[in-house]
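S.K.: Mind looking over this structure? Questions follow.
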Amino acid sequence: MVAVAALLAVTLLGAIATFLVDDRYAAKFATAVSTIPLVGSVWMYYVYLTEYQGVGNALLSPDTVAFRQTIDWIELGGYTIQYSVGLDGVSMPLLALTGILTTLALVSSWTPIDERQSQFYGLMLLMEVSLIGVFSALDFFFWFVFWEGVLIPMYLLIGVWGGPRRKYAAIKFFVYTNVASLVMFVGFFTLVFSLGDSIATLGLPEITQALVAGEMGSLAGIAVADLKLLAFVLMFVGFAVKVPVFPLHTWLPDAHVEAPTPVSVMLAGVLLKMGTYALLRFNFTMLSDVATGSVLAIMPVAIAVIGVFSVIYGALLALAQRDLKRIVAYSSISSMGYVILGLVAFTPHGMGGATFQMISHGLISGLMFMAVGVIYNETHTRMVGDMSGLADRMPWTVGIFVSAAFGYMGLPLMSGFAAEVFIFLGSFGATDTLGTLAPVLTSIAMFGIVIVAGYLLWAMQRTLFGGYELETDYELDGAAFHDVAPLAVLLLLVILLGVAPDLSYGMIQEAVNPILEIGGGV
Amino acid sequence: MIPTQYYLLLSAAVFCIGIFGVLTRRNALIFLMSVELILNAANINLVAFSFQYGNLSGQVFALFAMGLAAAEVAVGLGIVLVLYRNFSDIDVTEATTMRW
Amino acid sequence: MTAFDYAPAIALLPFVSFLVALFGGQYLPKKGALAGIAATAGSLVLSAWVALTVAGGQTYNEALYTFTAGLETFDLHLGILIDPLTALMLLIVSFIALLVHVFSLGYMNDEGETGLPRYYAGLGLFTASMLGFVYADNILMAFMFFELVGLCSYLLIGFNFREAGPPSAAKKAFLVTRFGDYFFLIGVVGIFVTFAGATQTPGLFAGEGSFPVVAEHAIVDGATEGLNTFGFEPQTWFTILGLLVLGGVMGKSAQFPLHTWLPDAMEGPTPVSALIHAATMVAAGVYLVARMYGFYALTPTTLAVIALVGGFTALFAATMGVVKQELKQVLAYSTISQYGYMMLALGSGGYIAAVFHLTTHAVFKALLFLGAGAVIIAMHHEENMWEMGGLKDKMPVTYYTFLAGSLALAGIVPFAGFWSKDEVLYEALIHGFGTEGGLGTVFLVAYAMGLLAVFFTGFYTFRMVYLTFHGEARTETAKKPHGVRWNVKGPLAVLGILATTIGFVNLAPVKKLTGLEVDFLHKWLLGAEGSGWEALLTGYEHYEHVLHDGPAHVLVGEPLGATGTLIASALLSLGLAVAGVLAARSLYKVPEPVEHTDKLGSIKTLLMHNYYQDEYQVWLATGFTYPLSRAADKFDQGVIDGVVNGISSVSLFSGSRVRRLQTGVVTNYALFITIALVVLLVVFGLTGGWF
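Residue numbers (the working numbering), protein chains in the order written: chain F, 379 to 900; chain L, 911 to 1010; chain A, 10 to 700.
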């Protein structure tokens, strides 16, 4: 199947073409181009839903993976580098999420981006190329190229089109995540070298199967168990930065605050999911025995504690903020903490829920950032104290904002609720990995739903309701249709997934359940 | 038959003179000459060892090194000229505008 | 086709009216009101049909929509459970919702309010959520609609968002109930996880394989196979789960200490208050306890907690109602108090009494709120009772219906409230005497508090009536009240008649005294012999069995004999109610009443401040959590981000120092090279063994 290759190629060509287009037409041109990967990924999603049954996990049963394509490329250091792509129930929804969010983010850039348009839109499309690659690549070399390839457009997008402290934020983002990649890289190659001759390629499925088969040997006098632990910790730290997890999260609020709205949408909606996606693939699939504590018994509890702490800590930080964007940024940390908790629970609903939360949070946080962006475009401020009573002037935007906020709070029949309930159902009874702490940790994490309601309702009360006032000297003339339309689309998707979670949850469960079967087996 | 050690001692002496010149002099031309001395010290070594092992490649290598040295002098003198043009002097310690 | 095939439409019709009002309300003649009326009328008709079918002995318990099909784990689904309790509640909810919609025509449309499509959309969604909650067949679905009910209350309480008060009250209502729901959610998740190993359908309310039944087998028969009780004794763990779910109940049903949102919720439009208090949100909590009563009846500790919380709340809220100056505030505290009675009844084994009181209360509280709404229209949105007076002659329909509702609330024979409240207290009393050990004592304590509250109820109710309707008009507005139309009077009249008569559906005392078969509700909830209901195991007969034979051992004790106890209990509660009414009459039925509250001294301050309950809860939010979050923010910015920035500063600083090596003097570079060469030679020499 060349579907993924076509997706990559078309998007890349579109990105290059966008750089060459005149600024005046760049926005519409790029949006038109981005509909190709959008339609493509949604079509693939549909094909996946209707035609692929029993795909399983991409790393554990590579022969049944959907849209698989493998071509040998070069020999490098004794390993064959392959162009190898394929999608399973974890990556398929994330790919569709990328396609959908990119197009919507591009539409939402029409208003705020008013200089160097062709470069902006070109970089956005370039980022989409890398994102598609990250979620579909099954060879480490390619995967890593795309993984790093996301950083460069992101760095430029924040650094050139960002707010007043954009340089600080962009450099912080780049250096932080790049150092993290290095750490992860070291961890991964610890695994590769200790596998020795048992692998001939850097294909992720092959490495996984070699690891599961126990092919690992000692390296430089270090025992296998210690090597595994080392690799696990290094990779966890590397990916945790991207997620982000306390205490490696401080790049996130700065990046979000400085980034222009559409970039924030992509950052929160898709880029953070790269971290959890990689955690799921590398730490929790390849090294599932370490993740379940069969090497170091305290490991799952330690990770769960970090996740739960992130939930509460992120929510508390959000409560203290005055900037709407910072509120949403910190609440992302909180939401991603649930993902960590779900993953480490290592139960069907826990892992499935964690993956579902990636999709759900991608949609909802994208929606929230877009809604904040629309308000900012109109009022030119994001500070809670600078405005009140906006509901009076922009009822539809505020209506969607309120709906999105309730989605964030986990209102039933919206996707956030389904995701959180799945995670809680999974982690509450995860006594195999978390012992008797499972219900306790889950209950503590659940308190996040109270705090999130607290800060969102409080912020809404002060900005959206009450008498109309605006500190900045701008007239509210109502948001344009193309500003509000992406919000409505996202809201409908959130509700759709909330009412019918099985649209994604079915394939997710198929993909994560095989992981559970190999867990703990060394 | 002169023992190889003598050649090596000569080479070491020439090398040290060259190093001394590089470290103590400020005139660019003397610099260049000192560098030539260092290079020739290496050439002496090449020829001496070639002689000892009865292998010609060392001597051939020395010829290449001499050719290279000639080319290097051309470049070096060019640098000296540019140095003089920019700083009205050929004192190498003056030309520090490229530091930090 | 049976009625059950149309059951989903009961909740879907109001949902459609929500959509119609939201997106098309602007273009409709009454801004969506008519769609709402049509939809709730449709729901009412369908509910009635369902109730008739249930009366014929049929029940329904089906999963209709698979929310998610679990792979190697349990499914989550949405389904419908219809038993007599559900059928009754469906009738109540759709009936009250219909009347509230009609009343809103007078209260909102005729008063020229703006934002009406939003209002009717909110009402529609509110009704739909509550109906969905009522016939939810599993606890997760119940939780989902429970939360949606919370959302709707937020939207409707904050309807007048341009003012400062309503958004704040809406936020408080949602947050406080969310706090309760937090525990509920833990309970829901815990129930699923606990019972997943023992049954295919761990969340189900009714039938074999539902969690109350599995729990019963575990405790009574010791069948604990597959249960995951986290190392606790089943009974201990079920107690914990029950108490967790109870958190949600206490939030929504405004039980102490989570009652504080309810008085503030009076910021919403009055018809919304009627809907919230009579039939939807506040009723949801109590209904949930009744719904899973089989589970609660198993654990004596939860029963005791429910009874105590109920009894205490009944008394506690009634005392606060005594000093309030605003009409709706008095009613708000009376609501809290009345739901306390229902909890008291449920806790002390009076399941039928609780459902009975839920029914009568729905009618008379809707009546009182709508009556208050009529008064507020007349008074041009003035709510302070001290600004009213003498309205009796100017608005007779409102007065007489309001009086009927007040008599019912106060518990004066033969109005509805008397019968239900009397049964609540009677059940608590006889179970208190009959049950051995601490549980019986708890019942008696709760009974005593409930009994005392009867006096206060009579007092504050009639203080309200006298201040509002009797005496001289105290302001200009009160002298010339604004008239109300049919759409206000109609619902009032209907409810007024019902408030007078609905008590007759369950004349249990009369049956006991005379043997006449007039306890219809009792029979309804007991379930007909041989009906399809027995398999669901949600009938009172089953609960009675659980209460008697389970660990709680709730038994009946009648110290004065059957008839004597009955009459003594009735006389006691009636006497106290009448005493309260007379006390109010003597103080306030004068031409120019004055506030007697000053005589209470410092107690007045305490009562006016609602026992400082709001203060400490606000302190928890703004005095504790917010400073904590500020501290966390400081920590994050200072320490965590400080470390990150510190690393970059250290790098920058060391770079700025190290770069000084790059002097630009070629000689220095040559020196470095030479030194490095020497060092290398020495190192190689030392390690290579040259020396």
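C-beta atoms are modelled at their ideal positions from N, C-alpha and C, and glycine is treated no differently.
Since we're looking at a predicted model, the values are computed, not measured.
At a CB distance below 7 Å, what residues from the stretch 682-694 of chain A approach chain L? Give them in sequence order.
M.R.: Flagged, chain order: 683.
S.K.: Please name the residue, chosen from L:991, L:928, L:942, L:935, that lies closest to residue 980 of chain L on a Cα-to-Cα basis.
M.R.: Among L:991, L:928, L:942, L:935, the Cα nearest to that of residue 980 of chain L is on L:942.
S.K.: Which residues of chain L have a Cβ atom closer than 7 Å to the Cβ of residue 680 of chain A, listed in chain order?
M.R.: Correct list: 933.
S.K.: Identify each residue in the stretch 179-194 of chain A for which the Cβ-Cβ distance to at least one residue of chain C is less than 7 Å, and report them in chain order.
M.R.: Here the protein chains are F, L and A, and chain C is not one of them.
S.K.: Apart from the five residues just before and just after residue 674 of chain F, which ones in its own chain have a Cβ nearer than 8 Å to its Cβ?
M.R.: Correct list, in chain order: 607, 668.
S.K.: Which residue's Cα is closest to the Cα of residue 811 of chain F: F:744, F:428, F:662, F:854?
M.R.: For the residues F:744, F:428, F:662, F:854, the minimum Cα distance to residue 811 of chain F belongs to F:662.
S.K.: Return the CA-CA distance between residue 953 of chain L and residue 681 of chain A, expressed in angstroms with no decimal places.
M.R.: Going from the Cα of residue 953 of chain L to the Cα of residue 681 of chain A covers about 23 Å.
S.K.: Using the Cα positions of residue 552 of chain F and residue 390 of chain F, report the straight-line distance between them to the nearest angstrom.
M.R.: Answer to the nearest angstrom: the Cα atoms are 22 Å apart.
S.K.: According to DSSP, simplified to helix, strand and coil, what is residue 420 of chain F?
M.R.: Helix.
S.K.: If you compare alpha carbons, which of A:457, A:442, A:199 is closest to residue 353 of chain A?
M.R.: Comparing Cα positions, the closest option is A:457.
S.K.: Between the stretch 398-429 of chain A and chain F, which residues of the former have CB atoms less than 8 Å from a CB of the latter, in chain order?
M.R.: Per Cβ criterion, the list is empty.
S.K.: On the three-pair Cβ rule with 8 Å, is the stretch 134-152 of chain A touching the stretch 518-527 of chain A?
M.R.: In short, these stretches do not touch, since the Cβ pair count stays below three.
S.K.: Distance check for residue 962 of chain L and residue 915 of chain L, CA to CA, integer angstroms please.
M.R.: Going by the C-alpha atoms only, they are around 10 Å apart.
S.K.: Kindly indicate which residue of A:381, A:321, A:373, A:432 has the alpha-carbon position closest to the one of residue 105 of chain A.
M.R.: The shortest C-alpha separation from residue 105 of chain A is found at A:373.
S.K.: Give the interface partners of residue 649 of chain A over in chain F, defined as CB-CB distance under 7 Å, in chain order.
M.R.: Ordered by position in chain F, the residues that pass the 7 Å Cβ test against residue 649 of chain A are 625, 628.
S.K.: If you run the structure through DSSP and keep just helix, strand and coil, what is residue 447 of chain F?
M.R.: Residue 447 of chain F falls in the strand class under three-state DSSP.
S.K.: What's the gap between the Cα of residue 900 of chain F and the Cα of residue 206 of chain A?
M.R.: Unreliable positioning characterises residue 900 of chain F in this predicted model, as indicated by a pLDDT of 31, which lies under 50. A coordinate reading is not provided.
S.K.: Could you tell me which chain F residues have their CB closer than 7 Å to the CB of residue 635 of chain A, listed as they occur along the chain?
M.R.: What residue 635 of chain A touches in chain F: 697.
S.K.: Quick check: residue 813 of chain F and residue 237 of chain A, are their CB atoms within less than 8 Å of each other?
M.R.: For residue 813 of chain F and residue 237 of chain A, no; Cβs fall outside 8 Å.
S.K.: Return the chain-ordered list of same chain residues with a C-beta closer than 8 Å to the C-beta of residue 929 of chain L, the five sequence neighbours on each side being excluded.
M.R.: Excluding sequence neighbours, residue 929 of chain L sits near 944, 948.
S.K.: Are at least three pairs of beta-carbons, each pair with one atom in the stretch 788-797 of chain F and one in the stretch 720-739 of chain F, less than 8 Å apart?
M.R.: Yes, since at least three Cβ pairs between the stretch 788-797 of chain F and the stretch 720-739 of chain F fall closer than 8 Å, the two stretches touch.
S.K.: Would residue 673 of chain A pass as an interface residue toward chain L - the criterion being a Cβ-Cβ separation below 8 Å?
M.R.: Yes, because at least one Cβ of chain L sits closer than 8 Å to the Cβ of residue 673 of chain A.
S.K.: For the putative contact between residue 800 of chain F and residue 724 of chain F, defined by C-beta atoms under 8 Å, what is the C-beta separation to the nearest angstrom?
M.R.: In fact, because the Cβ distance is near 14 Å, the residues do not count as touching under 8 Å.
S.K.: Report all residues from its chain with a CB closer than 6 Å to the CB of residue 602 of chain F; omit the five preceding and five following residues, and keep chain order.
M.R.: Cβ neighbours of residue 602 of chain F beyond the five flanking positions: 594, 596.
S.K.: Below 9 Å on C-beta distance, what does residue 696 of chain A contact in chain L?
M.R.: Here the premise fails: no neighbours, minimum Cβ distance about 22 Å.
S.K.: Quick test of your reading: residue 782 of chain F and residue 745 of chain F, contact by CB under 8 Å. State the CB separation rounded to the nearest angstrom.
M.R.: Confirmed, Cβ separation roughly 5 Å.
S.K.: Quick one: what does DSSP say residue 899 of chain F is sitting in, helix, strand or coil?
M.R.: Model confidence at residue 899 of chain F stands at a pLDDT of 37, short of 50, so the residue's coordinates are unreliable and nothing is read from them.
S.K.: By the 10 Å Cβ neighbour count, where 16 or more other Cβ atoms means buried, how is residue 686 of chain A classified, buried or exposed?
M.R.: When all chains shown are included, residue 686 of chain A counts as exposed.
S.K.: Measure the alpha-carbon distance for residue 215 of chain A versus residue 199 of chain A and round it to whole angstroms.
M.R.: Cα to Cα, residue 215 of chain A sits roughly 18 Å from residue 199 of chain A.
S.K.: To the nearest angstrom, report how far apart residue 521 of chain F and residue 669 of chain A are at their CA atoms.
M.R.: Rounded to whole angstroms, residue 521 of chain F to residue 669 of chain A spans 41 Å at the Cα level.
S.K.: Touching or not, the stretch 326-337 of chain A and the stretch 487-501 of chain A, by the rule of three or more beta carbon pairs under 8 Å?
M.R.: Counting Cβ pairs under 8 Å, fewer than three are found: no touch.
S.K.: Distance check for residue 413 of chain F and residue 443 of chain F, CA to CA, integer angstroms please.
M.R.: Answer to the nearest angstrom: the Cα atoms are 25 Å apart.
S.K.: Relative to the alpha-carbon of residue 86 of chain A, which residue among A:94, A:80, A:75 has its alpha-carbon at the smallest distance?
M.R.: Minimum Cα distance to residue 86 of chain A is reached at A:75.
S.K.: Given that residue 81 of chain A touches chain F, what residues does it touch there, using C-beta distances under 9 Å?
M.R.: By Cβ distance, chain F contributes 726, 887, 891, 894.
S.K.: Determine which residues of the stretch 721-754 of chain F have a Cβ less than 7 Å from any Cβ of chain A, and write them out in chain order.
M.R.: Listed by position along the chain: 726, 727.
S.K.: Using a beta-carbon distance below 8 Å, is residue 954 of chain L in contact with chain A?
M.R.: By this cut-off, residue 954 of chain L is not an interface position.
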